[in-house]
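Numbering (the numbering used here), first residue to last: 200 to 327.
Glycine residues also receive a C-beta, built at the ideal position from the N, C-alpha and C atoms.
This report concerns only the one structure given below.
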Amino acid sequence: MGIQITAHHMSFPVRDLERSRRFYEGVLGLRAIPRPDMGSIAGVWYAAGQCEVHLIETPPGLDVGRPPPTLNPLARHAAFAVEDYEQTLDHLRSHELDVVESRTAGQMWVCDPDGHVIELIVPGRIDG
Numbered sequence: 200m201g202i203q204i205t206a207h208h209m210s211f212p213v214r215d216l217e218r219s220r221r222f223y224e225g226v227l228g229l230r231a232i233p234r235p236d237m238g239s240i241a242g243v244w245y246a247a248g249q250c251e252v253h254l255i256e257t258p259p260g261l262d263v264g265r266p267p268p269t270l271n272p273l274a275r276h277a278a279f280a281v282e283d284y285e286q287t288l289d290h291l292r293s294h295e296l297d298v299v300e301s302r303t304a305g306q307m308w309v310c311d312p313d314g315h316v317i318e319l320i321v322p323g324r325i326d327g
């Protein structure tokens, strides 16, 4: 018998917290939620449905791994469900983001300011 689990949060290391906030709040529309005091560790937490997104500002010189060098849908990524494919695509393009699309599956991918791949998907959509 396995254990029952649900997703709780995803965490991304970021170099410039304010730049990342503009993307996650201004582009993706996530809402900041309270975050416990973590001393000198700067960051912000967001609600994303039943899951949370945690951004942690990393100090210069600290190697926490690197995202892929280019936008690659096969790379490690986070996925967010959206309702309207065309509206989401238009919104991302209005922010002058490079978007990789898979219309038949209702998926699209962008990179955040630190190069993390973000997928936006219409769940259940398998036709164009």
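DSSP places R230 within a strand segment (E or B) once states are collapsed to three. Within the same chain, Cβ atoms closer than 6 Å to the Cβ of A278 are found at E318 and I320, the five residues on either side in sequence being excluded. In the three-state scheme derived from DSSP, where H, G and I count as helix and E and B as strand, L291 is classed as helix.
Taking 9 Å as the cut-off, the beta carbon of I255 is found no closer than this to the beta carbon of F222. A buried status is given to L291, since no fewer than 16 other beta-carbon atoms sit within 10 Å of its beta-carbon. Under the three-state reduction of DSSP, E282 is assigned to coil, being neither helix nor strand. Assignment of G225 by DSSP, reduced to helix, strand and coil, places it in the helix class. For S219, the enclosing alpha helix (DSSP H) covers residues L216 to R220.
A247: member of the beta strand (DSSP E) spanning G242 to A247, first to last residue. Take the alpha-carbon of V316 and the one of E300: they are about 13 Å apart.
Around the beta carbon of S219, a 10 Å sphere encloses 16 or more other beta carbons of the protein chains shown; the residue is thus reported as buried.
Beta-bridge partners assigned by DSSP to M237: none are found. One thing to note: V213 has its Cβ within 9 Å of the Cβ of P312.
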